[in-house]
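Chains as they are written, first to last, in our numbering: chain U, -4 to 455; chain L, 14 to 225.
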């Protein structure tokens, strides 16, 4: 994270970033998010050597860039995320993306209309009348709807024909989808409870931006309707709000959020997060057995204090823009035990072992648990940083009180560095444990392995 | 503990109920004396501490604010352990949240029993009473009878926004907790608070309450 330590000049405020990328002029003129942003399909990333002349993106360079620079600069974030989360395939050209964008817009609108026809009563948000801000939000949102309708009427004949074709295609695609009335109503009931409780203090939701709460609602309902296996769970509003704030576009947020959920929806199911917390405990057992023993005591229950941390990717634990940056770094999957680079380093280590043992047996560095994601190392780094205080907490009440008190006090750069260190040491130890057990250590070969591993890191 | 001149009591109290009924708001009002319409949804569990003077004794209440969504129920229910009392909250403007009350009560009783086999003292809160009383008036529910039948020690119409009845409800709960604590210490005293449901689980659960 060198760039950050020296004070990356490009790390400007969120306010400026949105202003430059979406032609707004600060919070006072904040508008409701657009439905679609076709201009971005052909926009160019300015990151060095990441995009070719036709607009294809070198994915591993993009990810590496984000990781090594501790995040992408806010003005480029919106475009970078469209690639990072997979809404735009990295291998697509700018030309292909323009067509894809049209298709995604039409598909989303067909999906949205489908649940709206199914439950017409759910088209309007359930309001309780005492929240004046929310009434204003509905007004701003309705204004946007009216404007959009006007725009679609002004389309040329050629565009209309193309859209009609795409629409027909989308209708066929979603024709067989059926909804469970009760389940969907329940999801909408919870969404209507949660959407107003999204962090409204953000500048993104100020003034006319309040209407974005309604945009969030439409996206979440559409997602829930078409993913009954996940539907809606609390916390998804916070996550989706991140995408909306950065992408500032309804359709793109829906698709990027959907891509993200393909990987992480498990956390939002009943047992998913439980597994994650168990893994966190297992990792801590590797890194610091006494702290692990203290935190586990009689059962795993004490560990549930990191429920919110792991569900929301530490969103409420760090300052807002820092949390966004962390989310981006975690999402680039660069420093993972399953990442290509780590795999390559381990493969070379395996080959080296084969030569030195000369028995030709299939050897594996079995000690590494690839389920330990970098996110879990971040969580562990926070716990280890506060190790002494945690050890002094005699019971789960104090633990919970202490860890809740950490909100807003954590320094991201220092946590990232420490997490990298723990990650590195973990890889190192696993390799040594293995080699000590299996064969005579060969110094030069080890160093080779660690050199490969080391090159993944930014810390020196 | 009995021999101390200045007694200190520490009670763990759960605040449960359907999502969005105002659990966090009630706690913030009670502990921090303020209200905001913009609280974020509770994820997992939150926690607050309130200190009371009670007949020259100090009572510390740990209020556990437990997220209302069913899906993470298995995770959050670990926090029921060792609680001495509970508030079950519903929203008077939303009948569905009232219908969920019996479900929450059953869930609580099935997972939590005092050392003497009795259920923990539970007070029912009809929150958001500043916004109307639809649930209470339209359905012809007799709240007194409902509380008797479902084992609540009392109920209050509350408003975290307008600060109505929050202190009163808490005092009622503390009173019953203290009573049930005395009851446990002198197990001869007959129970006069609620009709007893005969589900004696004392034998299996007493080990959970060693600390008392």
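Using N, Cα and C, we set each Cβ at its ideal position, and we do this for glycine too.
Cβ closer than 8 Å: which chain L residues qualify as neighbours of residue 306 (chain U)?
56 and 57
Please look up how many angstroms separate the CB atoms of residue 369 (chain U) and residue 401 (chain U), rounded, as I've assumed it's under 8 Å.
Not quite, the Cβ-Cβ distance comes to about 19 Å (not below 8 Å), so this is no contact.
Could you confirm whether any beta carbon from chain L is found closer than 9 Å to the beta carbon of residue 191 (chain U)?
yes
Under 8 Å, CB to CB, which of the residues in the segment 152 to 164 of chain U have a partner in chain L?
none
Say whether chain U places a C-beta atom closer than 9 Å to the C-beta of residue 174 (chain L).
yes
Taking the alpha-carbon positions, what's the residue 201 (chain U) to residue 25 (chain U) distance?
7 Å
Using 10 angstroms around the beta-carbon of residue 265 (chain U), count the other beta-carbons present and answer buried if the total reaches 16, otherwise exposed.
exposed
In this structure, how does DSSP classify residue 363 (chain U) when only helix, strand and coil are distinguished?
coil
Any contact between the segment 80 to 88 of chain U and the segment 145 to 161 of chain U? By contact I mean 3 or more CB pairs, one from each, below 8 Å.
no
At a CB-CB cut-off below 7 Å, which residues of chain U make contact with residue 33 (chain L)?
188
Ends of the alpha helix (DSSP H) at residue 82 (chain L)?
Segment: none, residue 82 (chain L) is in no alpha helix (DSSP H) and carries neither H nor E.
Does any residue of chain U have a CB that is nearer than 9 Å to the CB of residue 62 (chain L)?
yes
Taking 9 Å as the CB-CB limit, is residue 29 (chain L) close to chain U?
no
Shortest alpha-carbon distance to residue 320 (chain U) belongs to which of U:258, U:261, U:380 and U:411?
U:411
Does the Cβ-Cβ distance between residue 220 (chain U) and residue 274 (chain U) come in under 9 Å?
no
Interface partners of residue 395 (chain U) on chain L, CB under 9 Å:
58, 59, 60, 77 and 92
Just the C-alpha distance for residue 36 (chain L) and residue 44 (chain L), rounded to the nearest angstrom, thanks.
12 Å
Per DSSP, the bridge partner or partners of residue 63 (chain L):
L:74
Which whole-angstrom value is the C-beta distance of residue 80 (chain L) and residue 98 (chain L), which I expect to be below 8 Å?
So it is not a contact: roughly 19 Å between Cβ atoms.
Which residues mark the beginning and the end of the beta strand (DSSP E) in which residue 104 (chain L) is found?
98 to 104
Let's see if you can read the secondary structure: which residues bound the beta strand (DSSP E) around residue 26 (chain L)?
21 to 30
Helix, strand or coil: which one does DSSP assign to residue 167 (chain L)?
strand
Quick check on residue 52 (chain L) - is its C-beta less than 9 Å from some C-beta in chain U?
yes
Measure the CB-CB distance between residue 146 (chain L) and residue 120 (chain L) and report whether it falls below 9 Å.
no
Ordered along the chain, which non-local residues of its own chain (more than five positions away) have a Cβ less than 8 Å from that of residue 14 (chain L)?
Any reading at residue 14 (chain L) must be qualified, since the residue scores a pLDDT of 46, below 50, and its modelled position is unreliable; no value is offered.
Tell me which residues of the segment 88 to 121 of chain L have at least one Cβ-Cβ distance to chain U shorter than 7 Å, keeping chain order.
88, 91 and 106
At 4 residues or longer, and completely inside the segment 138 to 211 of chain U: list those alpha helix (DSSP H) runs for me, N to C.
152 to 169 and 176 to 189
Spatial neighbours of residue 26 (chain L) within its chain, please: C-beta separation below 6 Å, excluding the five flanking residues on both sides.
74, 76 and 98
Looking at the C-beta of residue 376 (chain U), does it have a partner C-beta in chain L at a distance below 9 Å?
no
Answer with yes or no whether the minimum CB distance from residue 86 (chain L) to chain U is below 9 Å.
yes
DSSP has residue 177 (chain L) in a bridge; who is on the other side?
L:172
Nearest to residue 71 (chain U) (by Cα), restricted to the options U:99, U:46, U:40 and U:119
U:40
Would a check of beta-carbon distances place residue 372 (chain U) closer than 9 Å to chain L?
no
For residue 46 (chain U), which beta-bridge partners are listed by DSSP?
U:52
Pull up the DSSP beta-bridge partners for residue 138 (chain L), would you.
L:102 and L:169
First through last residue of the alpha helix (DSSP H) which encompasses residue 393 (chain U)
391 to 399
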